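Asks:
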Amino acid sequence: MARLNGKVAVITGAGSGIGRVAATLFAAEGAQVVVADVMADQAASAAAEIIGAGGSAIAVTVDVTDEEQVNAMVAAAVSTYGGLHVVFNNAGIFPDDDGGILDTPPETWQKVMEVNLKGVWLGCRAAVPAMLDSGGGSIVNVASFVALMGAATAQIAYTASKGGVLAMTRELAVEYARKGIRANSICPGPIETPLLAELLADPTRRQRRLVHIPIGRFGRPEEIAKAALFLASDDSSFVTGSALVVDGGITAAYVTPE
Ligand SMILES: NC(=O)c1ccc[n+]([C@@H]2O[C@H](COP(=O)([O-])OP(=O)(O)OC[C@H]3O[C@@H](n4cnc5c(N)ncnc54)[C@H](O)[C@@H]3O)[C@@H](O)[C@H]2O)c1
């Protein structure tokens with residue numbers, strides 16, 4: 478049986494990469510999907526693809542840093558589909574000039590915090606009342622393996638923002654555990670998406686990342702989308718406050734095999 482039958486799901490950053498693949502997967506599993514992204518064209522084309530494949534979706538243009546827009550995104554889910562059961566707070570940025578602690582400009586720090594941390598907070602904040610009205614729900618927030626260990630290449634704002642996502646999600650999970658809302662994080666390793674395109678196009682930086690991955694390759698967006706599906710669905714009904722690591726073994730390794 479389809480694992481998200483009868484569920485309404487909002488996915489942010491659904492115009493590209495992991496979010497786009499998750500939107501398609503969630504719809505194929507029976508969800509009615511709100512495809513939300515700051516890139517209006519990308520959101521529209523992702524929703525059109527889902528509808529073309531026989532699924533149910535609407536596109537919403539949202540900047541996750543803007544409280545009114547985030548509230549409007551959740552309101553669109555409720556007014557179109559009658560409730561809200563799943564939020565996948567996936568939108569995130571990884572600017573090129575986010576580097577070491579001495580190099581990263583304060584404006585970059587601020588922007589990364591706004592999108593990657595405040596954006597997730599606003600998404601949770603808007604979703605909770607709608608989920609309570611809908612009889613409960615599942616919040617899935619995207620962190621990163623760098624929230625668990627220092628990255629080989631410094632990206633100080635990104636790492637700090639993802640650490641915040643992990644901590645915030647745990648606390649949210651505890652607060653709502655007896656009220657029918659579960660909240661979990663996913664910690665992806667490096668995944669081949671547009672977010673990492675520039676980094677992975679540089680052979681030296683690519684190799685520097687690859688050497689730390691026991692599985693010996695980068696991840697694919699569908700490998701994160703499937704983890705999100707598990708956490709979104711009732712298959713994970715006793716899982717809350719967890720950080721699901723999907724990283725090809727990076728965080729397990731001290732040394733990698735030859
Ligand atoms: N790709 C990786 O290696 C990797 C690893 C760990 C974590 N992640 C996380 O996974 C998530 C998805 O990343 P991806 O690799 O699919 O990236 P991506 O760049 O392909 O997609 C990110 C999407 O977020 C959207 N977005 C950016 N700012 C936004 C805003 N203010 N409001 C609404 N939407 C906005 C973009 O338009 C884009 O469609 C991010 O949170 C990222 O940090 C990615």
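When you number the sequence shown by this note's numbering, it's gap-free, plus one each residue, and the end is 735.
C-beta: ideal position from N, C-alpha, C; glycine also.
Here the structure is a predicted model, which is why all the values come from computation and not from measurement.
Roughly how many whole angstroms lie between the Cα atoms of S710 and M626?
Replies: Within the sequence shown, numbered from 1, the residue matching residue 710 stands at position 233. Within the sequence shown, numbered from 1, the residue matching residue 626 stands at position 149. Each residue's Cα considered, the two are about 28 Å apart.
Asks: Using 10 angstroms around the beta-carbon of Y653, count the other beta-carbons present and answer buried if the total reaches 16, otherwise exposed.
Replies: Taking the sequence shown and counting its residues from 1, one reaches residue 653 at position 176. The residue in question, Y653, is buried, as its Cβ has 16 or more Cβ neighbours within 10 Å.
Asks: Could you pull the DSSP bridge partners for Q509 from this structure?
Replies: Working through the sequence shown from its first residue, we reach residue 509 at position 32. Answer is V485 and S533, bridged to Q509.
Asks: Could you tell me the alpha carbon to alpha carbon distance between G559 and V732, rounded to whole angstroms?
Replies: Position 82 of the sequence shown holds residue 559. Position 255 of the sequence shown holds residue 732. For G559 and V732, the distance between alpha carbons rounds to 50 Å.
Asks: Measure the CB-CB distance between I690 and L649 and report whether it falls below 8 Å.
Replies: Stepping through the sequence shown from its first residue, residue 690 is reached at position 213. Stepping through the sequence shown from its first residue, residue 649 is reached at position 172. Result no, Cβ atoms of I690 and L649 do not sit closer than 8 Å.
Asks: Which whole-angstrom value describes the C-beta separation of I668 and R697, a residue pair presumed to lie in contact below a C-beta threshold of 8 Å?
Replies: Indexing the sequence shown from 1 puts residue 668 at position 191. Indexing the sequence shown from 1 puts residue 697 at position 220. About 7 Å separates the two Cβ atoms, so the contact holds.
Asks: Decide if the segment 607-616 is in contact with the segment 626-638; the criterion is three or more beta carbon pairs, one per stretch, under 8 Å apart.
Replies: With a cut-off of 8 Å, the segment 626-638 and the segment 607-616 do not count as touching, because too few Cβ pairs lie within range.
Asks: Report the option in G532, V688, C601 and A524 whose CA atom is closest to the CA atom of T747.
Replies: The structure shown does not extend to residue 747, since the chain is modelled only from 478 to 735, so the question has no answer here.
Asks: Quick check on the burial criterion: 16 or more other C-beta atoms within 10 angstroms. Buried or exposed for K656?
Replies: Here residue 656 corresponds to residue number 179 of the sequence shown, with the count starting at 1. Per the 10 Å Cβ criterion, exposed.
Asks: Are the CB atoms of H562 and V498 within a distance shorter than 8 Å?
Replies: For the purposes of this step, residue 498 is identified with residue 21 of the sequence shown, where counting begins at 1. For the purposes of this step, residue 562 is identified with residue 85 of the sequence shown, where counting begins at 1. Cβ atoms of V498 and H562: not closer than 8 Å.
Asks: Pick out whichever of V541, G640, R694 and K703 has its Cα sitting closest to the Cα of R602.
Replies: In the sequence shown, counting from the first residue as 1, residue 602 sits at position 125. If we check each option's Cα against that of R602, V541 comes out closest.
Asks: Output the boundary residues of the beta strand (DSSP E) element that contains N566.
Replies: Counting from one through the sequence shown, the residue named residue 566 turns up at place 89. Start and end: V563 to N566.
Asks: So, A513 versus I495, is the Cβ gap smaller than 8 Å?
Replies: If you number the sequence shown from 1, residue 513 lands on position 36. If you number the sequence shown from 1, residue 495 lands on position 18. It is not a contact, given that the beta carbons lie outside the stated cut-off.
Asks: Given a threshold of 16 other Cβ atoms within 10 Å of its Cβ, counted over all protein chains shown, does F565 qualify as buried or as exposed?
Replies: Taking the sequence shown and counting its residues from 1, the one referred to as residue 565 is at position 88. It is buried - the Cβ of F565 has at least 16 other Cβ atoms within 10 Å.
Asks: Determine, using beta-carbon pairs with one atom in the segment 681-688 and one in the segment 587-607, whether at least three such pairs fall under 8 Å.
Replies: No, they do not touch.
Asks: With respect to 7 Å, is the separation between the Cβ of D514 and the closest non-hydrogen atom of ligand 1 below this value?
Replies: The residue given as residue 514 occupies position 37 in the sequence shown. At least one heavy atom of ligand 1 is nearer than 7 Å to the Cβ of D514, so yes.
Asks: List the DSSP bridge partners of R659.
Replies: Residue 659 sits at position 182 when you count from the first residue of the sequence shown. According to DSSP, which records beta bridges pairwise, R659 is partnered with S615.
Asks: Can you list, in chain order, the residues of its chain with a C-beta nearer than 7 Å to that of A704? Leave out the 5 residues immediately preceding and following it.
Replies: Counting from 1 along the sequence shown, the entry for residue 704 is found at position 227. Here the set comprises I663, L721 and V723.
Asks: Hey, is G725 close to ligand 1, as in C-beta under 7 Å from one of its heavy atoms?
Replies: Indexing the sequence shown from 1 puts residue 725 at position 248. No, Cβ of G725 sits at least 7 Å from all heavy atoms of ligand 1.
Asks: Using only the alpha-carbon positions, how far apart do L673 and D580 sit?
Replies: Counting from 1 along the sequence shown, the entry for residue 673 is found at position 196. Counting from 1 along the sequence shown, the entry for residue 580 is found at position 103. One C-alpha to the other measures close to 20 Å.
Asks: Would you decide whether P665 is buried or exposed? Buried here means 16 or more other CB atoms lie within 10 Å of its CB.
Replies: For the purposes of this step, residue 665 is taken as the residue at position 188 of the sequence shown. By the 10 Å Cβ count, P665 comes out buried.
Asks: Restricting to Cα atoms, I'd like to know which of Q632, R647 and M608 is closest to N618.
Replies: For the purposes of this step, residue 618 is identified with residue 141 of the sequence shown, where counting begins at 1. It is R647.
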